[in-house]
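Numbering (the working numbering), first residue to last: 3 to 1017.
Written as structure tokens, this is what we have:
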């Protein structure tokens, strides 16, 4: 669906801007840093007088001080001693070298900062353009490629951006200065001595290590940035539809700001190290001039020897080498710039005037949605939607059935302006669709599908994306000026973004109530509630809920007893051993606040010391050893891959370390604190229930005895690591269900019955809303990969509806739920959103009569009834292909295939007609002529019998595919196919059929499903 222009009624056209970003890298550099480059150039020019002084003063030292004809030297009318004059000149030389080094350090730091600012601007510009890319562009462009270009490929450009003007001027100026001096003096200077190289070799690596640590931090930030870029690229359409791009850009701007701070510190340390290195290198000539000069005056060495040591002091190779490197780098970066910018300027990207900024007024789109002869093409220029004309009245419910997923996806993209038509127009509430600002689309149109794009964070942030359009108030941000200077977003990420008025709420309580109504409208509150009860409780974040759960424990226990369910629950009883808790948890009668590992135990010195004081250490070590021995007997040394072992929750490395220590413990050899911790880590993890009846009663009795005698002291020693189990207090780290039960459901128990009873009690106590809102804190990994479909699908629908849109587009929503939840969804949403136009897309509708308007899409055409899709008698090649496509798409077998695969089949298919009684093929024929798709008539499949009448196996009618098994198995025909009546078929070539089966997994699965049904 590429090649689509934002203009109405026109085919794909060129973008409205002349050049993508800037024509060349140097144009970009000059446009955004002209002032800084000129300042840097002026500062660079101050180096040359200092450089000349470092060349001139050694000559003066030799000729005027060391080579003086007398012990007194006249300088500016003053009579100075020769040695004093020498020291003055040497001091001036040292000062000039110091100033020269300081200026170079300052220039390099300025170049580094300038480079990072321009690189930050470039990266932000590229990322902002990604959010304007049309959705089809991501189908033919690798997201990894985009990430690589924004991060690693753009990185080397930063160095050139700071060096663009100053570097060639500096190096060329150094060359000219040195050459001028040599020509004027007619003398060559020697190489500097290496007396201080050992000092440099000792000092510089230590400074470099500090820089390496900062570089490591930089790499971590770059990786995080790459992850956010990948999410933004994958979810660009979702961000646009839900209005989340501004918050997302602020988030990215903040990440770039963190990178800037790290890089700035790197520049300071890096160039200080270079300054120090250069300064140490220049100390050697200072010693030569001062000490060597003094020795030459006293006659200990000759002046010629000193001059010989300094003869090649300066070398022209370095600036010349730098100039060549600069030239090569600039050429390489120019090519790289052209490559990157071409990929970031697709012709059909959203016009910047419809995306940048935020309009003062967001017009209502509550009105008729009209499609006027709209056509949409795919990336190859093939028609996906063909001359669609329809009107969806304001506030109506519309059902659009389309067997082809490609058709549904194209229509959904059209209705959310993710693609624009190559011809025709779309108007909504009297507004031209292609002229609306993206903020209006995001605010007024909601979109949800069964495969939503999610972002790392938590569930609540994803649901409320549509409510984070802009910061509600500006806060003071020290980085805002730098963001403005580099063309980044100045929206502070730390500001309050949640605008509850978008959802028609005045405060969070009203917003929560609105979300609860949406959940009930979806008919999935029971499923979500059970999932919410599995959320871990944070009493600090939800104190009211925590207190209510504690108060509900006694009434719930009574209800459980009345329902005869206590046997299904392992309650936390201080007088009993709780089999659902680990051995150590039973010992302490407490639950861990953090994961318990051997390393953590080794750090608990108070606990380990107390074990010795109470003479419990050996008892616990013996208990741990018995438990490890029990595991060894069950799983052995290499059974850690067994599913039952994985259910224990014991880390294989911890188990292996404990096994290795068993022989030493049996021999009573002394163990270190770390080794004791490795052995004790096992009982801190494994509950008795996980091992089953094999768990020794002896261990249970010993644990209860130790808890009875020393439990309180042991709990005190593990304060901060374990929380005591108290029936009057909430339990941190345990789920809502475990908190309200003050226990855990046993393995194999009737958990559904228990959960149903708990659900009823929580609802009667008015806690349904509070429990459900725990889902808002559910963490999401990158792309929401850790979220099951039963949560991601309601999330998508909530995100689309919570902003109360004027148009709601639902593409096969709640697909993972049953028909009970899906049926009547549009009516329940209509009650919640009475003025919203609700457009539902699906392969088929069981209750289509419940909708105000009903449409069907076939072969890219839209009509109110499937049978009204017009055929044509046009005998052109294109029309013939279209008739074949329609014939294929009307069959159950091929109805759901991708349009591209259908086109390949249709292209290779041939019309085939047979009269009644004609044989289409016979048994043992080669299957290479293909498979036959019956369009009209019937065919008998017969098994020939020697000396008898052929045996009728089955009769196939319209829509049946005959002969495909022979193609797939590559064996001769097993039956005869004879026309029982006049027969019309499409003969699908073997090569085309097998190509589809072999190269498209989804297509192959669909075909084999149908074939399996025939068998």
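Note that beta-carbon positions come from the ideal geometry of N, C-alpha and C, so glycine has one too.
Does residue i come out as helix, strand or coil in the three-state DSSP assignment?
i: residue 374; result: strand
i: residue 910; result: helix
i: residue 87; result: helix
i: residue 935; result: strand
i: residue 775; result: helix
i: residue 842; result: strand
i: residue 166; result: coil
i: residue 26; result: coil
i: residue 538; result: strand
i: residue 385; result: strand
i: residue 399; result: strand
i: residue 684; result: coil
i: residue 477; result: coil
i: residue 448; result: strand
i: residue 892; result: coil
i: residue 819; result: coil
i: residue 886; result: helix
i: residue 564; result: helix
i: residue 968; result: helix
i: residue 987; result: strand
i: residue 616; result: coil
i: residue 102; result: helix
Can you tell me the Cα-Cα spacing of residue i and residue j, whole angstroms?
i: residue 230; j: residue 568; result: 48 angstroms
i: residue 260; j: residue 462; result: 25 angstroms
i: residue 41; j: residue 168; result: 10 angstroms
i: residue 115; j: residue 164; result: 8 angstroms
i: residue 268; j: residue 278; result: 15 angstroms
i: residue 745; j: residue 590; result: 16 angstroms
i: residue 823; j: residue 755; result: 22 angstroms
i: residue 422; j: residue 492; result: 31 angstroms
i: residue 475; j: residue 495; result: 11 angstroms
i: residue 529; j: residue 460; result: 19 angstroms
i: residue 968; j: residue 890; result: 20 angstroms
i: residue 128; j: residue 353; result: 15 angstroms
i: residue 145; j: residue 135; result: 12 angstroms
i: residue 236; j: residue 23; result: 22 angstroms
i: residue 612; j: residue 670; result: 21 angstroms
i: residue 479; j: residue 472; result: 16 angstroms
i: residue 825; j: residue 844; result: 12 angstroms
i: residue 191; j: residue 93; result: Caution is warranted here: a pLDDT of 39 is assigned to residue 191, below 50, making its placement in the model unreliable, and no coordinate value can be reported.
i: residue 836; j: residue 400; result: 14 angstroms
Report the residue from the options whose alpha carbon sits nearest the alpha carbon of residue i.
i: residue 624; options: 700, 656 and 115; result: 700
i: residue 964; options: 992, 952 and 946; result: 992
i: residue 681; options: 619, 397 and 726; result: 619
i: residue 424; options: 642, 453 and 381; result: 381
i: residue 255; options: 227, 439 and 393; result: 227
i: residue 1021; options: 112, 908, 938 and 907; result: Because the chain is modelled from 3 through 1017, residue 1021 falls outside the range shown and cannot be assessed.
i: residue 91; options: 66, 111 and 112; result: 66
i: residue 574; options: 343, 485 and 592; result: 592
i: residue 932; options: 957, 244 and 979; result: 979
Kindly list the residues whose CB is nearer than 8 angstroms to the CB of residue i, restricted to its own chain and excluding five residues on each side of it in sequence; keep chain order.
i: residue 737; result: 535, 536, 537, 538 and 539
i: residue 374; result: 391, 426, 427, 428 and 429
i: residue 366; result: 431, 446 and 808
Output needed for residue i: all residues of its chain with C-beta closer than 6 angstroms, excluding positions within five of it in sequence on either side, in chain order.
i: residue 450; result: 798, 799, 802, 812 and 815
i: residue 265; result: 118
i: residue 488; result: 119, 122 and 123
i: residue 251; result: 491
Counting only C-beta atoms, is residue i closer than 9 angstroms to chain C at any point?
i: residue 81; result: Protein chain content of the structure displayed is limited to a single chain, and chain C is not contained in it.
Can you list, in chain order, the residues of its chain with a C-beta nearer than 7 angstroms to that of residue i? Leave out the 5 residues immediately preceding and following it.
i: residue 904; result: 887, 890, 891 and 896
i: residue 927; result: 974 and 975
Report back the beta-carbon spacing between residue i and residue j to the nearest angstrom; my notes put them in contact at under 8 angstroms.
i: residue 911; j: residue 990; result: 5 angstroms
i: residue 468; j: residue 246; result: 7 angstroms
Can residue i be considered in contact with the ligand SAH, in the sense that its beta carbon sits closer than 8 angstroms to one or more heavy atoms?
i: residue 972; result: With respect to the ligand SAH, the structure shown offers nothing to examine, as it has no ligands at all.
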